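Chains as they are written, first to last, in the numbering used here: chain A, 1 to 409; chain B, 1 to 338.
Here it is, written out as structure tokens:
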């Protein structure tokens with residue numbers, strides 16, 4: 001055990017810090033949250049800077065370097081290989097830590113491409129598919145969204161019913177998807193469809209790449225309890241998707257999807273732990289100024305929460321070390337997701353206690369709720385999205401602790 | 001950055017685990033419940049295995065007449081204490097380690113430790129007084145450590161809540177003693193807090209394993225109770241509290257060995273103890289719940305876990321002290337943030 005940077009890690013951190021120090025002051029102001037085209041160009045603009053500096057896709061597997069070489073040769077990308085690509089998991093963690101610390105833009109609209117679709121195409125796609133889609137994700141040229149959940153398929157994702165019927169060189173896709181973030185501005189959608197209705201349900205699913213401008217695609221914004229439209233519903237009415245856009249074999253989409261999900265549960269929230277710690281320090285400052293600090297129980301709860309985020313950061317480091325040694329994120333990922341999502345909700349509940357009646361007012365400015373209350377509302381999704389806390393507990397109990405599956409005597 | 005244990009660390013931990021499984025299994029555990037209070041079960045074996053002298057320098061100070069140690073760090077010590085905590089070995093383990101490393105306690109001896117300033121709420125309790133060779137009195141306000149002879153203390157034997165941790169209530173005032181030169185009470189307190197947290201992590205792991213083992217075997221409604229999600233989720237939460245605490249304990253130890261500044265270290269240790277106490281106490285409670293009626297009996301070992309977890313929760317820094325320390329650090333960081 002040695003938690004200090006190796007010389008290579010220290011050099012990576014130094015280089016990144018220097019670069020962030022240079023580029024961040026030149027960034028344009030962030031767009032209004034309701035301005036989707038503005039958000040897209042802000043997020044993809046940041047991705048382009050990362051790409052030009054060699055920091056795009058630092059977490060992607062080393063094997064995709066070969067894709068880069070090929071893509072450069074064939075002129076799909078402008079001859080430039082991302083220098084950071086193929087970095088170790090520890091270096092990726094440094095990337096998340098340093099970008100968050102410096103207040104760099106969040107991955108935003110590039111999330112699905114960089115964290116779901118890209119790694120899946122890299123792992124499961126044909127050379128042609130990798131050449132077609134990976135460079136656009138890395139350079140920020142193309143935005144992806146995710147079409148997995150459906151009204152009748154949430155935690156039980158394998159119950160999905162969106163149908164794809166083969167017709168010549170196309171699939172004809174009909175159905176609807178839910179919780180599709182960035183659908184309004186996406187170019188592509190990683191889509192799970194049922195290609196065999198008669199097979200056992202995990203074996204009749206395929207993974208398709210849907211062009212969002214195809215005829216028959218309708219996007220309807222979904223207003224969340226926070227009052228904003230962070231997600232959308234997707235309606236698909238006989239949309240034609242080329243068979244060439246299928247990643248993996250027909251009816252093998254469930255396995256292909258699991259590859260994707262393991263990426264999300266690895267280091268996806270690591271940067272957010274750093275952000276929460278920063279918010280907690282800010283909250284302590286606020287409590288100092290408005291007198292809430294004199295409330296002994298509240299103050300001690302803030303102290304305990306500092307311990308929780310500190311330990312979660314150590315758990316991330318541990319998971320990353322295991323990934324580095326074994327190649328895949330360990331079972332610690334579900335434990336982390338469970339504890340982090342709860343701790344983050346606790347943070348904004350405590351913020352409400354610090355603000356008092358100010359937490360009941362949605363307005364800008366520190367004296368009132370402002371961002372804290374908006375975050376409190378938005379944070380309610382953390383114990384639901386990406387596997388509810390109940391599903392995470394099932395995973396921990398059955399896959400980590402080895403308890404029997406329910407419903408079987 | 002590498003959080004993985006080295007081969008030597010794995011070997012140390014496994015060696016100790018095997019020793020404890022062989023010498024402190026279920027039968028020995030039950031014997032320890034009824035053992036004489038002036039005896040310390042397993043002390044010779046643990047001493048010979050180097051538990052108390054792991055951190056002692058290989059070549060101690062020439063003025064120190066006691067035996068040399070293994071020259072290892074807190075990282076190795078917390079791994080060892082996780083194992084001892086898991087095995088539920090009773091006795092003043094942490095104080096004996098601290099007295100061996102810092103106060104020249106001879107091998108095979110036993111020591112207890114009491115903080116006199118600031119004093120804890122309630123009576124002054126010391127574990128297994130008749131078995132002790134030394135008692136260290138800590139004043140963490142002034143940083144001084146005094147050593148007193150246990151035989152010269154006025155005391156009354158009390159029944160401890162943990163049947164394996166018999167206690168004596170001490171009467172003040174103590175006979176005056178000179179502070180030990182070069183021994184820092186705050187450092188002892190911090191290290192003792194961390195080692196106690198390591199014991200709790202081990203105990204919490206045992207609670208998870210015990211609950212899961214019982215849930216997989218106990219049948220109700222025609223199936224193992226572990227097949228019910230209500231029981232599964234109790235077990236999952238036990239693990240989800242234990243693993244972050246384990247990460248925090250190990251990280252704090254590694255930071256200490258790497259020479260982290262005392263203030264920074266105090267924050268790491270406070271967090272580790274808070275979470276380890278939570279993992280152990282709540283884990284033992286949940287383990288008891290999973291055992292149902294059996295858990296409420298003297299016969300099942302489950303109550304021994306909970307009672308020991310309470311003892312460790314009350315040893316060294318408690319929740320108020322640790323959370324206030326963490327809050328103060330947040331506040332200091334917040335000032336820089338304004």
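All C-beta atoms in this analysis are idealised placements derived from N, C-alpha and C, irrespective of residue type, glycine included. Since we're looking at a predicted model, the values are computed, not measured.
- Our two residues, residue 85 of chain B and residue 317 of chain B, have alpha carbons roughly 17 Å apart in a direct line.
- DSSP places residue 13 of chain B within a helical segment (H, G or I) once states are collapsed to three.
- Annotation: Cβ neighbours of residue 323 of chain B in chain A (cutoff 7 Å, chain order): 300, 303, 304.
- Residue range 170-177 is occupied by the beta strand (DSSP E) that includes residue 176 of chain A.
- Here residue 99 of chain A is buried, its C-beta having at least 16 other C-beta atoms within 10 Å.
- Proximity of residue 280 of chain A to chain B, defined by a Cβ-Cβ separation below 8 Å, is satisfied.
- Within the stretch 12-68 of chain A, the runs of alpha helix (DSSP H) that reach at least 4 residues and sit entirely inside it are, in chain order, 36-53.
- If you ignore the 5 residues before and after residue 87 of chain A, its C-beta comes within less than 6 Å of the C-beta of 58, all in its own chain and listed in chain order.
- Minimum Cα-Cα distance from residue 342 of chain A among the listed residues B:127, B:117, B:241 corresponds to B:241.
- Across the set A:214, A:183, A:6, the C-alpha of A:183 shows the shortest separation from the C-alpha of residue 233 of chain A.
- When Cβ-Cβ separations below 8 Å define contact, residue 295 of chain A makes no contact with chain B.
- Not a single C-beta of chain B is nearer than 8 Å to the C-beta of residue 247 of chain A.
- A straight-line Cα-Cα distance of about 13 Å links residue 222 of chain B and residue 215 of chain B.
- Burial check for residue 286 of chain B: the Cβ neighbour count within 10 Å reaches 16 or more, so the residue is buried.
- By the Cβ criterion, the stretch 196-206 of chain B is not in contact with the stretch 164-183 of chain B, since fewer than three pairs of Cβ atoms, one from each stretch, lie closer than 8 Å.
- Taking all protein chains shown into account, residue 257 of chain A has 16 or more neighbouring C-beta atoms within 10 Å of its C-beta and is therefore buried.
- Residue environment: residue 394 of chain A is assigned as buried (16 or more neighbouring CB atoms within 10 Å of its CB, all protein chains considered).
- Residue-level contact check: residue 394 of chain A touches chain B, since one or more beta carbons of chain B fall below 8 Å from its beta carbon.
- Residue-level contact check: residue 320 of chain B touches chain A, since one or more beta carbons of chain A fall below 8 Å from its beta carbon.
- Inter-residue distance for residue 173 of chain A and residue 198 of chain A is about 17 Å (C-alpha atoms, whole angstroms).
- At least 8 Å separates the CB of residue 7 of chain A from every CB of chain B.
- Between residue 405 of chain A and chain B, the shortest Cβ-Cβ separation is below 8 Å.
- With a cut-off of 8 Å on Cβ pairs, the stretch 290-309 of chain A is in contact with the stretch 262-275 of chain B, counting three or more such pairs.
- Contact of residue 400 of chain A with chain B by beta-carbon distance below 7 Å involves 239.
- From the listed residues A:322, A:346, A:250, the smallest Cα separation to residue 276 of chain A is found for A:346.
- Residue contact check for residue 254 of chain B against chain A: a CB pair falls below 8 Å.
- Unbroken beta strand (DSSP E) stretches of 3 residues or longer found wholly inside the stretch 87-146 of chain B: 111-117, 125-127, 134-139, given in chain order.
- Contacts with chain A at 8 Å (Cβ-Cβ) include residue 233 of chain B.
- When 7 Å is used as the limit between beta carbons, residue 90 of chain A is near these residues of chain B: 1, in chain order.
- Secondary structure of residue 49 of chain B (DSSP, three-state): coil.
- Annotation for residue 234 of chain A: the continuous beta strand (DSSP E) segment containing it runs 231-242.
- Residue 206 of chain A sits in a strand when the DSSP states are folded into three classes.
- Secondary-structure assignment with DSSP links residue 388 of chain A through no beta bridge to anything.
- Around residue 81 of chain B, the same chain offers 195, 198, 199 as residues with beta carbons nearer than 6 Å, after the five sequence neighbours per side are excluded.
- Within the DSSP bridge table, the entry for residue 156 of chain B names B:169 as partners.
- The beta-bridge partner set that DSSP reports for residue 189 of chain A consists of A:145, A:210.
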